[in-house]
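Asks: Below: one structure in structure tokens.
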Amino acid sequence: MFEVRIHGRGGQGVVTAAEMLSIAAFEEGRHAQAFPSFGSERTGAPVVAFCRISDQEIRSREPIMYPDALIIQDPTLLFQVDVFSGLKEGGFILINTKSTFDELGLGDYVRDWPAERLCTLPATDLGLKHVGRPMPNVALLAGFAALSGTIRLESVCKAISTKFSGKVAKGNIAGATEAFELVRARIESAGKESTHA
Amino acid sequence: MPLQPVKFYQTGTFTVGNRLLAPEERSVQANMERTNSLNSGHRACQGCGEALGARYAIDAAMTATKGQLVAVNATGCLEVFSTPYPETSWQIPWIHSLFGNTAAVATGIAAAIKVKHAKGQGKDVRVVAQGGDGGTTDIGFGCLSGMFERNDDVLYICYDNGGYMNTGVQRSSATPPAARTATTMPLGPEPGNPFGQGKFMPALAMAHEIPYVATATVADLRDLEYKVKKAMSFRGARYIQIHVPCPLGWGAASKDTILLSRLAKESGTFPVFEAEYGELTSSSKIRRLVPVEEYLKPQKRFAHLFGKTPAVETIARLQALADRNIRRYKLLDKEAN
Amino acid sequence: MLKQIEGSHAVAEAVALCRPEVICAYPISPQTHIVEGVGEMVKSGELTDCEYLNVESEFAAMSVAIGSSAAGARTYTATASQGLLFMVEAVFNASGLGLPIVMTVANRAIGAPINIWNDHSDSLSQRDCGWIQLFAETNQEALDLHIQAFKLAEEVSLPVMVCMDGFILTHAYERVDMPTQEQVDSYLPSYEPRQVLDPADPVSIGAMVGPEAFMEVRYLAHAKQMQALELIPQLAEEFKEVFGRESGGLIRKYFTDDSETIVVAMGSVLGTIKDVADEMRSTGEKIGVLGITSYRPFPIDAVRAALRNSKRVVVLEKSLAVGLGGILASDVRKSLRKLPIDVFTVIAGLGGRAITKKSLHEMFQKVITEEVESVTFLDLDWGVIDRQLERERQTRRSGPAAENMLRDIGTVASKIA
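Residue numbers (numbering that gives the first Met the number 0), protein chains in the order written: chain A, 0 to 196; chain B, 0 to 336; chain C, 0 to 416.
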């Protein structure tokens with residue numbers, strides 16, 4: 000079982016991201032469960048969504064307390080919400096930001112982390128570029144696919160097509176593709192650095 | 000000798016025999032083929048205005064729909080006296096659900112009929128809903144407004160006797176000001192029901208802009224039949240409010256039921272009119288204007304306004320309300336008066 | 000056909016396959032996606048021969064359903080929590096009149112304090128109203144139970160509530176197998192009413208019944224639920240034959256036969272409990288799980304048979320009989336009359352409080368070592384409670400209790416669960 004926790008704010012498509020992740024896994028013939036943790040729905044309020052992926056039927060319904068991966072859609076949450084709570088050691092962390100982990104003040108936290116498990120991505124900018132809206136969720140999903148290797152890019156694109164249509168779907172698929180390549184390139188170079196170091 | 004036109008005000012079994020009328024103008028009750036939808040044997044009080052009104056109204060609806068009718072009834076006098084277990088006086092399909100949901104239940108029946116008819120599984124059956132003023136204006140208001148707003152194909156008939164009679168004569172929002180009821184006793188500085196703004200359901204129905212709204216009384220039963228039949232010629236939400244005296248609740252003689260309805264109309268206290276899509280289309284003119292006292296005096300529920308020191312101011316206020324109705328609903332024919 | 004969709008949409012699609020003729024609904028979280036789903040299907044023409052009415056209150060919704068069902072149409076509605084309470088008079092009316100309405104209850108807590116999250120207090124508050132109550136464990140079962148519900152309702156002439164956990168199931172995306180129209184048609188025939196408002200054969204429905212006959216009329220409703228006890232397993236069997244999977248039935252046993260400790264529960268929490276049971280069994284603990292699917296009629300005999308060889312029973316319920324303890328637990332205790340089995344009540348998950356595997360594991364351990372009282376609350380913050388009680392002891396004008404306690408807890412947004 001692979002468990003992903005997505006943090007963001009209302010209006011950033013956090014819930015949709017979890018749902019699309021589950022659809023992508025479904026497209027690959029796997030079981031997946033996606034659900035949100037509801038606070039009062041307000042734009043801007045912190046939101047958490049969960050997605051479990053497994054080859055067996057998923058029975059448990061508890062919130063994901065010990066995620067294998069974290070997707071953080073809004074770095075302003077870092078010191079407001081305990082986003083890292085329960086994260087498994089060496090778990091994947093993908094943050095929507097143009098800053099580095101160090102610049103975000105997370106240097107200490109990830110000091111001994113395997114470098115190829117960490118990545119940042121300017122997902123909001125990618126959203127603006129490809130669909131004209133500051134929505135980071137699709138790019139982050141594709142970035143997560145590249146980072147974790149748990150789902151393929153084509154599955155992400157299939158999931159995009161179930162949620163969007165027409166020009167928006169096309170734009171999102173383009174954004175997803177660019178995000179996927181970006182993250183792949185970044186972890187490749189991170190891997191090279193760590194082997195050299 | 001100059002010819003004097005004679006106008007027969009009351010045609011039918013009262014003053015002139017039915018034989019003088021064209022068949023289509025005759026009362027449904029004069030017809031041997033009438034349904035007797037509310038059959039004899041029910042347990043209504045002697046002189047019950049509601050029983051009279053319901054019999055005429057539902058038989059008229061049955062004639063208009065050629066017997067394709069379902070009736071929904073609110074909890075109240077009519078429901079209780081017409082279905083004393085294990086008997087029922089209803090000869091037509093009839094359902095009683097709750098006190099406040101009559102309009103909604105009728106909506107549901109109309110929806111079911113619509114689907115079945117469209118599928119070719121049933122006839123074009125119409126729906127009539129009926130309740131007293133309590134079940135309509137108070138507890139039933141929400142569902143009624145919803146039915147109006149959706150323009151569901153239901154005719155809702157309200158039998159207005161100004162109070163919760165079945166439970167012992169308690170005040171409703173349709174109780175006239177100054178009237179005595181068990182919850183508005185003639186005591187203290189403002190005896191009887193307090194003066195408020197009133198809650199005249201026909202006006203509220205007009206505000207919903209439904210296809211047809213009308214008022215009627217049991218003093219003019221032909222008019223009542225005409226209005227019910229006319230209502231059934233419309234599709235969509237329709238509302239008729241009938242003034243039905245309650246001898247027990249009003250403290251009136253059981254023989255005075257029809258008289259009291261006539262006085263209510265002739266004093267202007269109860270305006271009789273028709274409206275379509277929110278606009279007044281016709282008024283039943285007052286033929287012989289009477290002061291409100293004539294209407295109030297035969298009812299013990301207003302007895303505290305009279306006697307050694309009559310409540311002159313209160314009576315004046317009631318007169319003012321009647322005058323307002325006359326003006327608002329154009330109840331006086333300028334030529335006649 | 001396999002689909003990855005939201006629970007509410009799965010239910011909406013399943014209801015549509017049942018060829019409903021009248022659907023009436025009033026929106027309330029967390030049922031909104033269900034009624035929006037069917038509404039859309041009617042408007043787009045995907046669902047034909049169906050009248051969809053937007054009504055002005057839940058009381059109106061149930062009343063419209065009563066009229067529609069009495070006129071012979073297959074009728075559906077949905078609600079939750081406050082909405083269910085608002086229609087209670089009509090809910091009793093529907094079962095009293097024997098109308099086969101099917102209603103989804105997206106289980107949600109009842110206020111005050113207002114709370115939109117899941118627990119079972121809403122449907123359980125109506126446990127004695129005469130409706131059949133079925134509880135779904137998964138979204139697959141939720142959609143399946145609706146199909147079974149129409150058949151059940153129409154055969155026994157009683158309305159049926161299909162209960163599914165609000166948000167936890169309604170808003171969860173998971174894999175479901177959606178049946179075909181042919182499959183549903185072969186299982187569910189068209190509605191043949193026992194009583195119907197028909198000008199060709201007039202009847203009076205809903206007359207007053209006095210002391211001379213009320214007991215008999217009431218007993219009939221009870222007798223029909225006893226009939227349902229036989230029919231529910233039959234319908235589940237037939238369902239399996241047509242659709243190829245186990246769904247519904249009275250109860251579901253999970254390693255109960257050789258267990259010393261059996262956990263009893265309803266709804267989606269069963270999944271989490273089974274994971275914990277597996278973990279505990281792998282270390283040698285003899286623990287099993289009994290899921291109750293048919294809550295009303297309560298399957299006393301089946302529950303007794305399933306639990307009789309255990310040493311102790313833990314009833315884990317998302318409901319509270321204020322002033323008494325457990326609601327489900329009381330029914331379970333009734334099934335175990337005269338048997339020497341300890342029954343522990345664990346009240347959990349009220350108002351959507353997360354039930355974690357960790358907490359369950361610890362609780363079950365404590366039950367096995369008999370370190371808990373017979374009624375206990377899972378993950379209750381005693382500090383918050385004690386501070387509030389102290390506040391009330393100190394001053395008369397202690398203020399609104401809920402608001403005080405929230406202030407104590409601090410910002411909710413910074414928490415995960």
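Glycine included, C-beta positions come from ideal geometry on N, C-alpha and C.
If distances are taken between C-alpha atoms only, which option among C/R386, C/F363 and C/T179 comes closest to C/K273?
Replies: Within the third sequence, the letter at position 274 stands for residue 273 of chain C. When only C-alpha atoms are compared, the closest one is C/F363.
Asks: What does C/G131 pair with, by DSSP beta-bridge criteria?
Replies: As a working mapping, residue 131 of chain C is identified with position 132 in the third sequence. Reading the sequence as shown, one finds Ile at residue 131 of chain C and not Gly. For C/I131, which the question treats as bridged, DSSP gives the partners C/V159.
Asks: Let's test the definition: count the other Cβ atoms within 10 Å of the Cβ of C/Q393 and tell me whether it reaches 16, buried, or not, exposed.
Replies: As a working note, residue 393 of chain C is residue 394 in the third sequence. Exposed, by the Cβ-count rule.
Asks: With contact counted as at least three CB pairs below 8 Å, one residue from each stretch, are the segment 320-327 of chain B and the segment 206-222 of chain B in contact?
Replies: Contact between the segment 320-327 of chain B and the segment 206-222 of chain B is absent, because fewer than three Cβ pairs lie under 8 Å.
Asks: Could you tell me whether any Cβ in chain A is nearer than 9 Å to the Cβ of C/E5?
Replies: Taking the first residue of the third sequence as position 1, residue 5 of chain C is located at position 6. Taking Cβ atoms only, chain A reaches closer than 9 Å to C/E5, which makes this a yes.
Asks: For A/A196, collect the residues of the same chain with a Cβ closer than 6 Å to its Cβ; drop the 5 residues on either side in sequence, then sort them by chain order.
Replies: Here residue 196 of chain A refers to the residue found at position 197 of the first sequence. With a pLDDT of 45 at A/A196, under the threshold of 50, the predicted position of this residue should be treated as unreliable, though the coordinate-derived value follows. Answer for A/A196: no residue qualifies.
Asks: Taking 7 Å as the limit between beta carbons, can you name the residues of its chain near C/A328, skipping five residues before and five after?
Replies: Here the question's residue 328 of chain C lines up with position 329 in the third sequence. Within the same chain, C/A328 has close Cβ partners V314, E316, V342 and T344.
Asks: With 16 other CB atoms within 10 Å as the buried threshold, where does C/L379 fall?
Replies: What you label residue 379 of chain C is simply residue 380 of the third sequence in a count that begins at 1. Per the 10 Å Cβ criterion, exposed.
Asks: With H, G and I counted as helix, E and B as strand and the rest as coil, what does DSSP make of B/K198?
Replies: On the second sequence, position 199 is the one that residue 198 of chain B refers to. Coil.
Asks: Would you identify the three-state DSSP class for B/I239, choosing helix, strand or coil?
Replies: If you number the second sequence from 1, residue 239 of chain B lands on position 240. It is a strand residue.
Asks: If you follow the beta strand (DSSP E) that C/T78 is part of, which residue opens it and which one closes it?
Replies: Walking along the third sequence from the start, residue 78 of chain C turns up at place 79. C/T78 -> beta strand (DSSP E) spans T74 to T78.
Asks: Does any C-beta atom of chain C lie closer than 9 Å to the C-beta of B/H95?
Replies: Here the question's residue 95 of chain B lines up with position 96 in the second sequence. Closer than 9 Å to some Cβ of chain C, the Cβ of B/H95 qualifies, so yes.
Asks: Whole angstroms is fine: what's the gap from A/V109's alpha carbon to A/K87's?
Replies: Numbered from 1 along the first sequence, position 110 holds the residue referred to as residue 109 of chain A. Numbered from 1 along the first sequence, position 88 holds the residue referred to as residue 87 of chain A. If you take the alpha carbons of A/V109 and A/K87, they lie about 12 Å apart.
Asks: Do A/L1 and A/R60 have their C-beta atoms closer together than 9 Å?
Replies: In the first sequence, counting from the first residue as 1, residue 1 of chain A sits at position 2. In the first sequence, counting from the first residue as 1, residue 60 of chain A sits at position 61. Residue identity check: residue 1 of chain A is Phe in the sequence provided, not Leu. It is not a contact, given that the beta carbons lie outside the stated cut-off.
Asks: Residues of chain B with CB closer than 8 Å to the CB of C/P198, please, in chain order.
Replies: Locating residue 198 of chain C in the third sequence gives position 199, where the first residue counts as 1. Within chain B, the residues near C/P198 are G66, Q67, L68, V69, I91, P92, K122 and V124.
Asks: Considering only their Cβ atoms, is the gap separating C/T137 from C/Q418 smaller than 9 Å?
Replies: No information on residue 418 of chain C is available, as it lies outside the stretch 0 to 416 that chain C covers here.
Asks: Listing by chain order, which chain C residues have their CB less than 8 Å from the CB of A/F34?
Replies: Within the first sequence, residue 34 of chain A is the residue found at index 35, counting from 1. The answer, in chain order, is F166, I167, H170, A171 and Y172.
Asks: In or out: C/F58 buried (at least 16 other Cβ within 10 Å) or exposed?
Replies: Position 59 of the third sequence, counting from 1, holds the residue named residue 58 of chain C. That one is buried.
Asks: With burial defined as no fewer than 16 other Cβ atoms inside 10 Å of the residue's Cβ, what is the status of C/H119: buried or exposed?
Replies: For the purposes of this step, residue 119 of chain C is taken as residue 120 along the third sequence, with counting starting at 1. Looking at its Cβ environment, which holds 16 or more other Cβ atoms inside 10 Å, C/H119 is buried.
Asks: Output needed for C/G97: all residues of its chain with C-beta closer than 6 Å, excluding positions within five of it in sequence on either side, in chain order.
Replies: Counting from 1 along the third sequence, the entry for residue 97 of chain C is found at position 98. Around C/G97: S156.
Asks: Give every residue of the same chain whose Cβ lies closer than 8 Å to the Cβ of C/Y186, excluding the five residues on either side of it in the sequence, and list them in chain order.
Replies: The count along the third sequence starts at 1 and reaches residue 186 of chain C at position 187. Here the set comprises I146, K150, E237, F238, V241 and F242.
Asks: Would you identify the three-state DSSP class for B/N336, choosing helix, strand or coil?
Replies: One-based indexing of the second sequence puts residue 336 of chain B at position 337. With a pLDDT of 42 at B/N336, under the threshold of 50, the predicted position of this residue should be treated as unreliable, though the coordinate-derived value follows. Of the three classes helix, strand and coil, the one that applies to B/N336 here is coil, per DSSP.
Asks: Using a Cβ cut-off of 9 Å, pull out every chain B residue sitting near C/V57, in sequence order please.
Replies: The residue labelled residue 57 of chain C in the question sits at position 58 within the third sequence. Note that residue 57 of chain C is Glu in the sequence shown here, rather than Val. Ordered by position in chain B, no residue passes the 9 Å Cβ test against C/E57, which lies about 11 Å from the chain.
Asks: Going by other Cβ atoms of all chains shown within 10 Å of its Cβ, with 16 needed for buried, is A/G131 buried or exposed?
Replies: Numbered from 1 along the first sequence, position 132 holds the residue referred to as residue 131 of chain A. Flag for A/G131 reads exposed.
Asks: When the cut-off is 9 Å and only beta carbons count, does C/L349 lie next to chain A?
Replies: One-based indexing of the third sequence puts residue 349 of chain C at position 350. For C/L349, the answer is no, since every Cβ of chain A falls outside 9 Å of its Cβ.
Asks: If we define contact as Cβ-Cβ less than 9 Å, is B/K228 a contact residue for chain C?
Replies: Indexing the second sequence from 1 puts residue 228 of chain B at position 229. Taking Cβ atoms only, chain C never reaches closer than 9 Å to B/K228, which makes this a no.
Asks: With a cut-off of 9 Å, does the C-beta of A/F91 fall near any C-beta of chain C?
Replies: For the purposes of this step, residue 91 of chain A is taken as residue 92 along the first sequence, with counting starting at 1. Closer than 9 Å: no.
Asks: Quick check on DSSP: helix, strand or coil for A/R8?
Replies: As a working mapping, residue 8 of chain A is identified with position 9 in the first sequence. A/R8: strand per DSSP, three-state reduction.
Asks: What's the gap between the Cα of A/A23 and the Cα of B/E148?
Replies: Counting from 1 along the first sequence, the entry for residue 23 of chain A is found at position 24. Counting from 1 along the second sequence, the entry for residue 148 of chain B is found at position 149. Cα to Cα, A/A23 sits roughly 45 Å from B/E148.
Asks: Would you call the segment 277-295 of chain C and the segment 252-266 of chain C in contact, with 3 or more CB pairs under 8 Å?
Replies: Yes, the segment 277-295 of chain C is in contact with the segment 252-266 of chain C.
Asks: Please state whether DSSP places B/T14 in a helix, a strand or coil.
Replies: Translated into positions along the second sequence, residue 14 of chain B becomes position 15. Confidence at B/T14 is low in this model, with a pLDDT of 46, below 50, so its placement is unreliable and the value that follows should be read with caution. If DSSP states are grouped into helix, strand and coil, B/T14 belongs with coil.
Asks: What is the DSSP secondary structure of C/N106, reduced to helix, strand or coil?
Replies: As a position in the third sequence, residue 106 of chain C is number 107, starting the count at 1. Residue state, collapsed to three classes: strand.
Asks: Within 10 angstroms of its Cβ, does C/H32 collect 16 or more other Cβ (buried), or is it exposed?
Replies: Here residue 32 of chain C refers to the residue found at position 33 of the third sequence. Classification for C/H32: buried.
Asks: Excluding the 5 residues flanking B/L2 on each side, which residues of the same chain have their C-beta closer than 7 Å to its C-beta?
Replies: Locating residue 2 of chain B in the second sequence gives position 3, where the first residue counts as 1. Taken in chain order, the list of residues that qualify is empty.
Asks: From the beta carbon of A/A196, is the nearest beta carbon of chain C less than 9 Å away?
Replies: The residue labelled residue 196 of chain A in the question sits at position 197 within the first sequence. The predicted position of A/A196 is uncertain, since its pLDDT is 45 and thus under 50; a value taken from the coordinates is nonetheless stated next. Taking Cβ atoms only, chain C never reaches closer than 9 Å to A/A196, which makes this a no.
Asks: Verify whether the separation of the beta carbon atoms of B/K296 and B/A59 is less than 9 Å.
Replies: Looking up residue 296 of chain B in the second sequence gives position 297. Looking up residue 59 of chain B in the second sequence gives position 60. Not closer than 9 Å, so no.
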